[in-house]
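Novice: The end of the sequence shown is residue 73 by our numbering, with every number in the run present. Backbone N, C-alpha and C define an ideal beta-carbon position, used for all residues, glycine too. Source: prediction; values computed, not measured.
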Amino acid sequence: MTNLLLTALWPALNPYLATAIAVMLYLPLIPMIFRYSRVIWMHIDTVAFLPPEREDPTSDRRDLCEKG
Numbered sequence: 006m007t008n009l010l011l012t013a014l015w016p017a018l019n020p021y022l023a024t025a026i027a028v029m030l031y032l033p034l035i036p037m038i039f040r041y042s043r044v045i046w047m048h049i050d051t052v053a054f055l056p057p058e059r060e061d062p063t064s065d066r067r068d069l070c071e072k073g
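#1: Ala17 by DSSP, collapsed to three states: which one?
#2: Give the DSSP-derived three-state secondary structure of Phe39 in the structure shown.
#3: Would DSSP call Leu32 helix, strand or coil?
#4: How big is the Cα-Cα spacing for Leu55 and Trp46?
#5: Give me the Cβ distance between Leu34 and Ala23, rounded to the nearest whole Å; I'm assuming they're in contact under 8 Å.
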């Protein structure tokens, strides 16, 4: 995506150089992207694949708070 943006903004740029620049821009973001992608997938998995008898993912926590 970044490579396409670089070549669109700077058409005379060598494709190999555009790829190298795109990789260098992306490298510092890899830890953050990896961490938050896992968090997002956990939330999607929780919401999308709930068992039918348990529709609210926070219901167990509410029960514990009311008993406590």
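Specialist: This is what the structure gives:
#1: Counted from its first residue, the sequence shown places residue 17 at position 12. Looking at Ala17 - three-state DSSP - the assignment turns out to be coil, as it is neither helix nor strand.
#2: Residue 39 sits at position 34 when you count from the first residue of the sequence shown. The answer is helix: DSSP assigns Phe39 an H, G or I state.
#3: Counted from its first residue, the sequence shown places residue 32 at position 27. Helix at Leu32.
#4: The residue you call residue 55 lines up with position 50 of the sequence shown. The residue you call residue 46 lines up with position 41 of the sequence shown. Leu55 and Trp46: Cα-Cα distance of roughly 14 Å.
#5: Start at 1 with the first residue of the sequence shown, and residue 34 comes out as number 29. Start at 1 with the first residue of the sequence shown, and residue 23 comes out as number 18. Not confirmed; about 18 Å, so no contact.
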